[in-house]
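Q: For what it's worth, our numbering labels the leading residue of the sequence shown as 9, then goes sequentially.
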Amino acid sequence: MLTGFLAGVVVADASNDLQKGLHAYQQRDYATALAYLRPLAEQGVVEAQRKLAVMYRHGLGVNKDDAVAISWYRKAAEQGHVRAQNSLGVMYRFGLGVSKDSKEAVKWLTAAAEQDDAKGQENIAMMYLDGDGVAQSDQQAVYWLTKAARQGQMKSQLTLGVMTLAGRGVKKDEQQGMHWIMQSANQGYPQAAEALAKAYADGLYGLEQDLQQARHWYQRAGKKFQ
9 MLTGFLAGVV VADASNDLQK GLHAYQQRDY ATALAYLRPL AEQGVVEAQR KLAVMYRHGL
69 GVNKDDAVAI SWYRKAAEQG HVRAQNSLGV MYRFGLGVSK DSKEAVKWLT AAAEQDDAKG
129 QENIAMMYLD GDGVAQSDQQ AVYWLTKAAR QGQMKSQLTL GVMTLAGRGV KKDEQQGMHW
189 IMQSANQGYP QAAEALAKAY ADGLYGLEQD LQQARHWYQR AGKKFQ
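1. From residue 21 to residue 45, what distance separates their C-alpha atoms?
2. Residue 134 and residue 167 - do their beta-carbons sit closer together than 9 angstroms?
3. From this set, 186, 195 and 91, which residue's C-alpha is nearest residue 161's C-alpha?
4. By the three-class DSSP mapping on this structure, what secondary structure does residue 89 have?
5. If you measure between the beta carbons of residue 206 and residue 193, is that distance less than 9 angstroms?
6. Is the CB-CB distance between residue 229 and residue 201 below 9 angstroms?
7. Residues in its own chain within less than 6 angstroms of residue 61 by CB, not counting five upstream and five downstream?
8. Within 10 Å of its beta-carbon, does residue 209 have 16 or more other beta-carbons around it, so buried, or fewer, so exposed?
9. Inspect the beta-carbon positions of residue 126 and residue 147 and report whether they are closer than 9 angstroms.
10. Find the nearest neighbour of residue 54 within the set 233, 31 and 88, judged by alpha-carbon distance.
11. What's the gap between the Cα of residue 119 and the Cα of residue 37?
12. Do residue 74 and residue 97 have their beta-carbon atoms positioned less than 9 angstroms apart in this structure?
13. Compute the Euclidean distance between the alpha carbons of residue 197 and residue 139, then round it to the nearest angstrom.
14. Pull up the distance between the alpha-carbon of residue 124 and that of residue 141, whole angstroms please.
15. Count the other CB atoms, across all protein chains shown, that sit within 10 Å of the CB of residue 216; report buried if there are 16 or more and exposed otherwise.
16. In or out: residue 131 buried (at least 16 other Cβ within 10 Å) or exposed?
17. Classify residue 185 as buried or exposed, calling it buried when 16 or more other Cβ atoms lie within 10 Å of its own Cβ.
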């Protein structure tokens, strides 16, 4: 009974220290955050491991070190932390702190995507689109882009819209294609705003020509209306 009580105290202390570390991180007091989070990370606390990875990845309170970052991302990812899985996949894809390894990137991005992580879904979609580490597949790209787009990922919305307009990996549908581009543009994605502006300027994809709307969306894209 005493053993169980002591175990409960240890868990409570770890939880309290984690909250203190995360609060210090949010306040940009990285020295304090590090003091709380490093011991927890070494004890296997998954959120502390991921946050420590972020600190090394971006040089927050420590010297920037991608190799150290990836070691902590891996520990968290192996425990199933979805955001760590996505970050680890991205680092393998681009060779950050580790030799570029597209197969390993696919492994971790797929793990994140299958846990319904929107960024993981977007990233694995791009790998299918490029045929990077997997056989190129527009259909698989559309599958993951759709999931990410429904969660509000702006790049996914635009990419899915463009593919739907072209009938790549999905039935060609101008109305649905423009729906996704508008979703992205309305969230403030500049490339989508520019694509929408061009469609209004030329009266494309089922839209009536509307120069006022074209001007509006060019402005939203940070471009001048020609």
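Ideal Cβ placement from N, Cα and C applies to all residues, glycine included.
Bear in mind that the values here come from a model prediction, so they are computed numbers and not experimental data.
A: Straight from the coordinates:
1. 13 angstroms
2. yes
3. 195
4. coil
5. no
6. yes
7. 77, 80 and 81
8. buried
9. no
10. 88
11. 32 angstroms
12. no
13. 25 angstroms
14. 21 angstroms
15. exposed
16. buried
17. buried
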